[in-house]
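Chains as they are written, first to last, in the numbering used here: chain R, 7 to 92; chain C, -9 to 338; chain F, 65 to 515.
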Amino acid sequence: MKINENLAISESGFLFNPSTGESFTVNPIGAEIIELMKEGKTEAEISEKIIKSYEVDIKTLQKDLHDFSEILRHHQLLDQYEETKN
Amino acid sequence: MKKQRINIGVTGLNAIDSPGPGIAVIRGLREAKSFDVRIIGFAYESMEPGIYMHDLIDKTYQIPYPSAGTDVLLARLAYIQEQEKLDVIIPNFDAELYSFMKLEDKLRQMGIHMFLPTISQFEERHKVNLSDFGEKYEIDVPLGKAIYDSSEIFGLQKEFDFPLMVKGKWYDAYIAYNMEQARTYFNKISAKWGLPVVLQRFVHGTEYNVTGLGDGNGNTIAAVPMRKQFITDKGKAWAGISIDDKKLLAITEKFVSATKWRGAFELEMMKSNDNTYYLMEINPRIPAWVYLAVGVGQNIPEALTNLALGNDVEPFRTYEVGKLFIRYSYDMIVDRSEFEKISINGEL
Amino acid sequence: MEKKRYERPHIVKLDSGMPGKFGMRNDSPPTTHIDGVAVTELVEKYGSPLFVISEHTIRSTYRKAYKAFSTRYPKVQFAWSYKTNYLPAVCNVFHQEGSWAEVVSGFEYDKALANGVDPGKIIFNGPGKTASELMKAAENGSLIHIDHLDELYLLTDLAGEMKRKPLVAIRVNMDTGIYPMWDRFGFNYENGQAWDALNKIMLSGKLELVGLHTHIGTFILGANAYGVAASKLADLALGLQQKFNHTIRYIDMGGGFASKNTLKGSYLPGADTNPTFDDYAEAITTALVNSGFKPESLPLLILETGRALIDEAGYIITSVLANKRLSTGRRATIIDAGVNLLFTAFWYQHPVTPAQGFSQYREENTIYGPLCMNIDCVRESINLPLLNKGDKLVIHYTGAYNLTQWMQFITLRPNVVIIDPDGTAHLIRQNESNDSVSSLEKTPDYLIGIK
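Shown next, in the form of structure tokens:
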């Protein structure tokens, strides 16, 4: 799972994908996760980081993270090249 | 003497190919002789072009769709009022008028004035009730009937004859040439705008429009008739010309005095081949082509604002005949950050 | 370090026309309390799902309705429509406020008697009354509203065996300009059936004609239709006066007033557009006052309003069981209250609010009930905060018809509580158990055991 590195997220949660021209809004935790993905963190590292700072159990988080990456894929925000290679 | 500055909220900033009236209204307000303005735009969607026209609009706020209900709208307007100290709001969409009329008293308590038709005027002139309206005020209207089931069309085909008009409660109108088409349009319209759907007898002839303003006491403050010169594929006027037609003006005055119409309006008239004028539709608001009226000497947005504020307004007596309006489209260059601001914060 | 409140990660695409959060924030504030009682507390004590009735809302709605009519007309009487909600506690709130009872079956008739309603203040409507039910009601002096000629003949026959003359009215159906026109109940006005039935009653001499009744339809959004109906009933009453010198005691306008619910397919919310009690009252009383009645002989005006008096007083508290994503990427939430409890979800877009605070992020949602049935959908499309399993939601405007039309289907029915005006909750219907269902079931010996 690799996020498209060109994505620009503003502080207000406005996300612009320069390669498709599409715009999105993302909530603060979503923005945080995307930033972590851009840094190249693995799913395990991301969960660890989130669990430390948020009131959430691992099962819920894993389910939500999985759902979130599905939706990122749905919106073509994951790196297509990386995707096909995996 | 320095002119008074008035803060006015305006909706209908969608200056697209089938435009809302907002931008034309604002141009009229900016040219007003009796006051200066600060214009606050109200937008529903983040791509309404007016949001980005900073030479015309000082600040824009997103407001909730009418379907969210008046409580939500009032809460948003209260927030905007804290920032902007509005004196007047001019709503320009059919679908939002009902909500604004319902809120008229509450907005007045907040210091915001409007000049809208009464709820009963609004209901009475509704497409669904147009036949009764014509009968009551002795104005010729085409035969029409509101139906709730597509099977009713079959029983009515003798009365109506094909082609007939199939119209939605709020928007949309199609010409049906046979039963199949009528049913298809019924389904299409009812899915989008709900029931009832209106069947109207088709009148062959030439279309004329009148925009005007009634003071609520039966006096016509403004009235400018126009003939469409060029029509888009959506049936909107792309160009039109002001005309001198005494009969159209007489019908307009009759309409205003009989209903004691309060506020702006647009009458859609059809002059049939035997020279009868039929009133096809009454729009209870300013039309998108109102800038023609401003251009020929009747600044309807300015007069409406003065009426809303309780000022005396002298009726316009004349206008220039034979002036054209020709609409054009124009590409603005907008930075992404502006789209971001309106999308995320709901303000720009 | 204290941990931050968790919210699901959420991303939504901005379509060209799509508004930002302000355009989309068309949701109401959270409903954390009902009449001062915390939703969490109610669930802890009574479980989820839970039906909650607000006594305060019933009484204030009733008083608003009564005032709308009584300030415009001298003699007004409401009769509580039992089929709308016949839990005894609910009925008795209305009876305490002064309502008579309006029933449509022997079952409901007995319920009204058991609630202590004076039989002379029970109106017996409906197309399916049996001979024994008619006998009982007539001998008790209840008001029998005749639906069809067979019933008229039956009651005329039975009248011979009775100690007192049955008190009757006829139900009249008519064209009031609304669609659909209800013509399956009662006698038609336009084709003369109604006048014919009235003549038969008067000439038989065995029944005492005391009133005229109509019920023009349900969820009527145009108040004017009631004006038309009232005029037509007034015409019949005046006709009776002229021909038989007979004065009826009352005109019963039935029910059918819309509540604040929003019908599916409506563009504007019902709370904004549906007529108010004042609108209905204005139409009805104007028609009666302007008809040919002499001011001193205006008949009593009876109203059988059900839905509009109780819908807003009912809530369902429900819990999120799961949320999932549909194949289109759309969010779906599964809750523990389905159409088995919320029959009216087939017609209305019931407002649904969260019972706890949330951030400003919202997503488009479909709400499904817990039944393993495709029809079990509570809202096809609604903007809701990012819900987690276990979160509570409150479904609004559920007081009418759901507590009578709910189904014991797939699962058992939950507790029902009423909150009194002091903010105390009382259980008014116990949740069902397996026993309460299976105790009615009989299994022949040879089908006991599966070996």
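For each residue, glycine too, the CB sits at the ideal point set by N, CA and C. Please read all numbers here as calculations on a predicted model, not as lab measurements.
Quick one: give me the first and last residue of the beta strand (DSSP E) that residue i is part of.
i: residue 175 of chain F; result: No beta strand (DSSP E) holds residue 175 of chain F; the alpha helix (DSSP H) holding it covers 170 to 178.
i: residue 164 of chain F; result: 164 to 167
i: residue 6 of chain F; result: Missing from the structure shown is residue 6 of chain F; chain F here goes from 65 to 515 and no further.
i: residue 152 of chain F; result: Premise fails: residue 152 of chain F lies in the alpha helix (DSSP H), 152 to 161, not in any beta strand (DSSP E).
Using a Cβ-Cβ cutoff of less than 8 Å, which residues in the same chain neighbour residue i once the five nearest sequence positions on both sides are dropped?
i: residue 247 of chain C; result: 208, 209, 210
i: residue 95 of chain R; result: In the structure as shown, chain R starts at 7 and stops at 92, and residue 95 of chain R therefore has no counterpart that could be examined.
i: residue 336 of chain C; result: 51, 52
i: residue 322 of chain F; result: 283, 284, 285, 334, 338, 339, 371, 372
i: residue 235 of chain C; result: 198, 215
i: residue 242 of chain C; result: 200, 202, 210, 213, 215, 257
i: residue 233 of chain C; result: 198, 215, 216, 217, 311, 312
i: residue 224 of chain F; result: 270
i: residue 93 of chain C; result: 60, 63, 64, 67
i: residue 71 of chain C; result: 100, 101, 102
To the nearest whole angstrom, what separates the beta carbons of residue i and residue j, a pair I think is in contact under 8 Å?
i: residue 188 of chain C; j: residue 175 of chain C; result: Actually they are not in contact, since the Cβ atoms of residue 188 of chain C and residue 175 of chain C sit about 11 Å apart, beyond 8 Å.
i: residue 112 of chain C; j: residue 274 of chain C; result: 5 Å
i: residue 32 of chain R; j: residue 21 of chain R; result: 5 Å
i: residue 420 of chain F; j: residue 456 of chain F; result: 7 Å
i: residue 318 of chain C; j: residue 286 of chain C; result: Residue 318 of chain C to residue 286 of chain C, Cβ: 19 Å. No contact.
i: residue 375 of chain F; j: residue 385 of chain F; result: Actually they do not touch by this definition, with Cβ atoms about 26 Å apart.
i: residue 107 of chain F; j: residue 95 of chain F; result: Between residue 95 of chain F and residue 107 of chain F the Cβ distance is about 13 Å, and since that is not below 8 Å, they are no contact.
i: residue 31 of chain C; j: residue 47 of chain C; result: 4 Å
i: residue 5 of chain R; j: residue 450 of chain F; result: Only positions 7 to 92 of chain R appear in this structure, which leaves residue 5 of chain R out of reach.
i: residue 57 of chain R; j: residue 73 of chain F; result: In fact, because the Cβ distance is near 13 Å, the residues do not count as touching under 8 Å.
Over the uninterrupted alpha helix (DSSP H) stretch that includes residue i, give me the two end residues.
i: residue 260 of chain C; result: First-last for residue 260 of chain C: 252 to 262, but that is the beta strand (DSSP E), not the alpha helix (DSSP H).
i: residue 107 of chain F; result: 103 to 110
i: residue 34 of chain R; result: 34 to 44
i: residue 127 of chain C; result: 120 to 127
i: residue 24 of chain R; result: No alpha helix (DSSP H) contains residue 24 of chain R, which DSSP labels as neither H nor E.
i: residue 144 of chain F; result: First-last for residue 144 of chain F: 140 to 145, but that is the beta strand (DSSP E), not the alpha helix (DSSP H).
i: residue 424 of chain F; result: Premise fails: residue 424 of chain F is in no alpha helix (DSSP H) and is neither H nor E.
i: residue 123 of chain F; result: 119 to 134
i: residue 134 of chain C; result: From DSSP, residue 134 of chain C is part of no alpha helix (DSSP H) but of the beta strand (DSSP E) over 134 to 137.
i: residue 396 of chain F; result: Not the alpha helix (DSSP H): residue 396 of chain F falls in the beta strand (DSSP E), residues 395 to 399.
Please list, in chain order, all residues of the same chain as residue i whose beta carbon is under 7 Å from its beta carbon, the five residues on each side excluded.
i: residue 101 of chain F; result: 483, 487, 489
i: residue 108 of chain C; result: 252
i: residue 328 of chain C; result: 42, 338
i: residue 86 of chain F; result: For residue 86 of chain F, the predicted model reports a pLDDT of 41, less than 50, meaning its position is unreliable and no value from the coordinates is stated.
i: residue 205 of chain F; result: 183, 184, 228, 231
i: residue 132 of chain C; result: 190, 191, 193, 268, 270
i: residue 91 of chain C; result: 106, 109, 112
Taking 6 Å as the limit between beta carbons, can you name the residues of its chain near residue i, skipping five residues before and five after?
i: residue 175 of chain F; result: 150
i: residue 288 of chain C; result: 212, 214, 306, 309
i: residue 56 of chain C; result: 85, 86, 89
i: residue 220 of chain C; result: 228, 229
i: residue 270 of chain C; result: 258, 260
i: residue 10 of chain R; result: 83, 85
i: residue 458 of chain F; result: 95, 379, 381, 417, 419
>> By the 8 Å beta-carbon criterion, what residues does the region 331 to 349 of chain F contribute toward chain C?
In response: Of all residues in the region 331 to 349 of chain F, those with a C-beta nearer than 8 Å to a C-beta of chain C are 331, 332, 333, 335, 336, 337, reading in chain order.
> Quick one: any contact between the region 474 to 494 of chain F and the region 404 to 414 of chain F, if contact means 3 or more CB pairs under 8 Å?
Replying inline: By the C-beta criterion, the region 474 to 494 of chain F is judged to be in contact with the region 404 to 414 of chain F, since at least 3 inter-stretch pairs fall below 8 Å.
> Using 8 Å as the Cβ pair cut-off and three pairs as the minimum, do the region 285 to 299 of chain F and the region 343 to 361 of chain F touch?
Replying inline: Between the region 285 to 299 of chain F and the region 343 to 361 of chain F there are three or more C-beta pairs closer than 8 Å, enough to call the two in contact.
> Can we say the region 176 to 195 of chain C touches the region 280 to 288 of chain C, given the rule of at least three CB pairs closer than 8 Å?
Replying inline: Segments in contact, no.
> Which residues, in order along the region 40 to 59 of chain C, keep a beta-carbon less than 7 Å from a beta-carbon of chain F?
Replying inline: Residues passing the 7 Å Cβ filter: 52, 54, 55, 56, 57, 58, 59.
> Quick one, which residues of the region 78 to 95 of chain C are near chain F if we go by CB-CB under 8 Å, in chain order?
Replying inline: Listed in sequence order: 85, 88, 89, 92.
> Listed in chain order, which residues of the region 238 to 255 of chain F have Cβ atoms closer than 7 Å to some Cβ of chain C?
Replying inline: Residues passing the 7 Å Cβ filter: 243.
> Quick one: any contact between the region 98 to 116 of chain F and the region 359 to 368 of chain F, if contact means 3 or more CB pairs under 8 Å?
Replying inline: Taking one beta carbon from each stretch, the region 98 to 116 of chain F and the region 359 to 368 of chain F have fewer than 3 pairs nearer than 8 Å; the two do not touch.
>> Closer than 7 Å between beta carbons: that is the criterion. Which residues of the region 117 to 140 of chain C meet it against chain F?
In response: Going along the region 117 to 140 of chain C in chain order, one finds 138 with a Cβ nearer than 7 Å to chain F.
> Looking at C-beta atoms only, is the number of pairs between the region 258 to 268 of chain C and the region 138 to 145 of chain C that lie closer than 8 Å three or more?
Replying inline: Between the region 258 to 268 of chain C and the region 138 to 145 of chain C, the count of Cβ pairs shorter than 8 Å is below three; the stretches do not touch.
> Between the region 175 to 186 of chain C and chain F, which residues of the former have CB atoms less than 9 Å from a CB of the latter, in chain order?
Replying inline: Correct list: 180, 181, 183, 184, 185, 186.
> Is the number of C-beta pairs between the region 202 to 210 of chain F and the region 173 to 189 of chain F that are closer than 8 Å three or more?
Replying inline: With a cut-off of 8 Å, the region 173 to 189 of chain F and the region 202 to 210 of chain F count as touching, because enough Cβ pairs lie within range.
> Just by C-beta distance, which residues in the region 270 to 299 of chain F are closer than 9 Å to chain C?
Replying inline: Residues of the region 270 to 299 of chain F with a C-beta less than 9 Å from any C-beta of chain C: none at all.
>> To be precise: take each residue of the region 153 to 174 of chain C, compare its Cβ to all Cβ atoms of chain F, and keep it if any distance is under 7 Å. Which residues remain?
In response: Going along the region 153 to 174 of chain C in chain order, one finds 160 with a Cβ nearer than 7 Å to chain F.
> If contact means a Cβ-Cβ distance below 9 Å, which residues of the region 316 to 338 of chain C contact chain R?
Replying inline: Under the 9 Å Cβ criterion, the region 316 to 338 of chain C contributes 326, 327, 329, 330, 331, 333, 334, 335.
>> For the region 256 to 275 of chain F against the region 293 to 307 of chain F, do three or more pairs of beta-carbon atoms, one drawn from each stretch, fall closer than 8 Å, so that the two count as touching?
In response: When C-beta atoms of the region 256 to 275 of chain F are compared with those of the region 293 to 307 of chain F, three or more pairs fall below 8 Å, so the two segments count as touching.
>> Does the contact criterion of 3 or more C-beta pairs under 8 Å hold for the region 71 to 81 of chain R versus the region 388 to 397 of chain F?
In response: The region 71 to 81 of chain R vs the region 388 to 397 of chain F: in contact.
> Using 8 Å as the Cβ pair cut-off and three pairs as the minimum, do the region 5 to 19 of chain C and the region 75 to 85 of chain R touch?
Replying inline: Output reads no: the region 75 to 85 of chain R does not touch the region 5 to 19 of chain C.
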